[in-house]
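One structure is given here, and the rest of the page talks about it.
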Amino acid sequence: MTAPLHDTVPAETADADVAARVAKDAVEGRSLGRIAWTRLKRDKLAVAGGVVVLSLILVAIFAPLITSLVGQEPNEYHQDLIDPLFGTPTGSLGGISSDHLLGVEPVNGRDVFARIVYGARISLLVGFLSAMVAVVLGTVLGILAGYFGGWLDALISRTMDMLLAFPQLLFIISLIAVMPNKLLGLEGTGVRLLVMILVIGFFGWPYIGRIVRGQTLSLREREYVEAARSLGAGRRYILFKELLPNLIAPITVYTTLMIPTNILTEAALSFLGAGVKPPTASWGQMLNTAVRYYQEDPMYMVVPGVAIFITVLAFNLFGDGVRDALDPKGTR
Amino acid sequence: MLTYLIRRLFAAAVMLVVIVLVVFSIFFLIPKWTGVDPATMYVGKASDAAALEGIRQKLGLDDPILVQLFEFFKAIFVGRDYTSAGSTTRCDAPCFGYSFKTEQAIWPVLTDRFPVTFGLAIGAAVIWLIIGLTAGVLSALRRGSIWDRASMTVALAGVSLPIYFTGLISLAIFSYGLGWVSNEYTPIEESFPDWFSGMILPWVTLAFLFGAMYARLTRATMLEVMGEDYIRTARAKGVREMVVIRKHAMRSTMTPIITLLGVDLGMLMGNAILTETTFSLPGLGQAVLKAIGERDLPVILGVTLITATAVVVANLVVDILYSVIDPRVRLA
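If you read the sequences in order, they're chains A and B.
Heads up: the first sequence is residues 1 to 332, going by full-length UniProt numbering.
Heads up: the second sequence is residues 1 to 332, going by full-length UniProt numbering.
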């Protein structure tokens, strides 16, 4: 099963110069990363997804700058824009105006745009960090299970089976319910964020662990590992220098595809009132408030919903692209 | 087959015990580590020392965890009396605890609400398996066609949309806008048509997410299987294409799908909670959310346990199904 290492060069462009360069390329060979990158660049949807993801990251980092540019604060009340009788915004479409690009929220009249921008911080923070927790745990335990086998493998594999079948959302909710308001120097939203990141990551590691274990099982029997072992390589050398580099591709794929799932879990928890605490802005929490007003003020429901949709879709497109680019079979 | 069955039953029992242990220790140990008196979680905030002491005695909160755990297990089989200061509250077997907030035993609450959640999950599962598998198989067979592109685009949107957002939008359109279906839950014993009308949107909403996931997976698996050598062999022998698809390709496509079904049951429960909240269905999800709001720990514990039990039992069923479809499993 060999990957197509070289692009076929169309005849009309094959002048001497190009041919020489191609030949040089062919001699040097290209790393898996280079091949994947070339393939990824050709996948328009994946590139689009990647661009959106990158812009979202920038939005999250520069949230204070962006909101100050439009002159809004996420927690500033604008009750003059609220109908005192119904609690809904007075303007059309949820109070959209040149001041409030996406309108204002019901009752308090806080600027929706500023809250969406700040909400991106929470979503991406939880999405990325919990994925990191999952990757570290999954890689370490997956390699251990696959490489050593025996009772260690049995123990880790059974734990993975159990965690995968566990109703995790319910579990996280109950865990958050017993968590105190102050913990390890953090307070309120800080505690909730920490718990969410750790627990979402903890329930995510079996997805990575299963793949890593399977790969390790087949890789450890390969000739090059055998060769390293017969040359007297230590266990640590084999694990880190021989096995780990070959696991990077599947780990990357599953991590990119795990981030959107984690973002959805965070939004779900906030939607259920078990996520970050008010007044911290989060998309799921905005939808939670929107439930009460969605007939009178549908705009307030649509905006955070679309924000979650675009974010998750972009990550999924990018992740699918990464998977296809790294998949040597290239069937899809 | 019998040995396999016994082994699986034993594994399921072990898993249940582990789940009880884990959930129980969360509610017992975390308050201890974080320095919160668990008794304060069972009574209101403005409770005096005497009331706290009463609760502690009644629930045996000062006993070591093993004693408490034993009492908990015992109560499931023989019931339990909660006694303090001369007054006794009887909780009949199977006693899953007693809520002191609502002055009710937990078990009747659970049996009351379980059918709603169960009906939601089963109805949705029927829809998503039919739609997801059909869409996936057809897409794989007509790869690159309009049908393939359209259904895969819809599927990608499906996995990227938060379920409570799709739910709210469908409510706004089909129930409030067009008035086609009911937006209220009617118990099935009262009126079957009303129950059905109220359940259509929740079923479809839940099925949309999972159907999308299964369509993507089925397509990918089917594409892989159709490229296998034995498919070519079957065709070369002159087997009709319909038979090749039905008997040769579909059967091996089903194995990873069924594995996924087992893994997804835990996730399904989480999404069922979200769906129930969105559509105000009086199921387990709503019960647990209400309990979280009131910090009613026995109810949270009870719901977590019964959900976990449902997942374990359903997993057992899936495993047995699996061994019927794929005989290799029994031998492993």
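Ideal Cβ placement from N, Cα and C applies to all residues, glycine included.
Computed from a predicted structure; not experimentally measured.
- Per the coordinates, the alpha-carbon of Ala131 of chain A lies some 15 Å from the alpha-carbon of Gly142 of chain A.
- Chain A places a beta carbon closer than 9 Å to that of Phe27 of chain B, counting this residue as a contact.
- At a cut-off of 9 Å between C-beta atoms, Val159 of chain B counts as an interface residue with respect to chain A.
- Rounded to whole angstroms, the gap between the alpha carbons of Leu313 of chain A and Ile116 of chain A is 17 Å.
- Proximity of Ser174 of chain A to chain B, defined by a Cβ-Cβ separation below 9 Å, is satisfied.
- Boundaries of the alpha helix (DSSP H) harbouring Asn262 of chain A: Leu244 to Phe271, taken from the DSSP string.
- Distance check between Val178 of chain A and each of B:Glu53, B:Asp296, B:Leu268 and B:Val17 places B:Asp296 closest, using alpha-carbon atoms only.
- When B:Phe210, B:Asp112 and B:Ile306 are compared, the shortest CA-CA separation from Leu129 of chain B is found for B:Phe210.
- Pairing Ile197 of chain A with Leu125 of chain A gives a Cβ-Cβ distance under 9 Å.
- Contact note: Ala308 of chain B reaches chain A through Ala165, Phe166, Pro167, Leu170 and Phe171, using a C-beta cutoff of 9 Å and chain order.
- With its beta carbon less than 9 Å from one in chain B, Leu272 of chain A belongs to the interface.
- The Cβ of Tyr176 of chain B sits closer than 9 Å to at least one Cβ of chain A.
- For Gln295 of chain A, no alpha helix (DSSP H) segment is defined, and its DSSP state is neither H nor E.
- Three or more Cβ pairs drawn from the stretch 157-168 of chain B and the stretch 262-278 of chain A lie within less than 8 Å of each other, which places the two stretches in contact.
- A Cβ-Cβ contact shorter than 9 Å links Gly97 of chain B with Leu301 of chain B.
- Contacts between Tyr300 of chain A and chain B, judged by CB atoms closer than 7 Å, are missing: the closest CB pair is about 11 Å apart.
- Taking a contact as a CB-CB distance under 8 Å, the pair Val195 of chain A and Ile176 of chain A counts as one, their CB atoms being some 6 Å apart.
- Residue-level contact check: Leu138 of chain B does not touch chain A, since none of the beta carbons of chain A fall below 9 Å from its beta carbon.
- Counting only runs of 4+ residues, no alpha helix (DSSP H) is found wholly inside the stretch 125-150 of chain B.
- At least one CB of chain A lies nearer than 9 Å to the CB of Pro162 of chain B.
- Closer than 9 Å to the CB of Phe165 of chain B there is at least one CB belonging to chain A.
- Not one beta carbon of chain A lies nearer than 9 Å to the beta carbon of Arg240 of chain B.
- The continuous stretches of alpha helix (DSSP H) do not include Met179 of chain A, and DSSP gives it neither H nor E.
- Contact between the stretch 143-153 of chain B and the stretch 244-260 of chain B is not established, with fewer than three Cβ pairs separated by less than 8 Å.
- The count of Cβ pairs closer than 8 Å, one atom from the stretch 283-298 of chain B and one from the stretch 239-249 of chain B, stays below three, leaving the stretches out of contact.
- From the beta-carbon of Ala177 of chain A, the residues of chain B found nearer than 7 Å are Ile292, Arg295 and Ile300.
- Not a single C-beta of chain A is nearer than 9 Å to the C-beta of Ala287 of chain B.
- Residues of the same chain with a CB within less than 6 Å of the CB of Gln72 of chain A, apart from the 5 flanking positions on each side, are Asp111 and Ala114 in chain order.
- Looking at the DSSP output, Tyr164 of chain B sits in no beta bridge, so it has no partner there.
- The three-state secondary structure of Ala234 of chain B, taken from DSSP, is helix.
- If you check the CB distance, Leu206 of chain B and Thr275 of chain B come in under 9 Å.
- Residue pairing by DSSP places Gln104 of chain B opposite B:Ser99 in a beta bridge.
- Secondary structure of Val70 of chain A (DSSP, three-state): coil.
- Of the other Cβ atoms in all chains shown, 16 or more fall within 10 Å of the Cβ of Trp203 of chain B; this residue is therefore buried.
- The CB of Leu264 of chain A comes closer than 7 Å to the CB of Pro162 in chain B, given here in chain order.
- Minimum Cα-Cα distance from Phe203 of chain A among the listed residues A:Thr252, A:Gly149 and A:Val133 corresponds to A:Val133.
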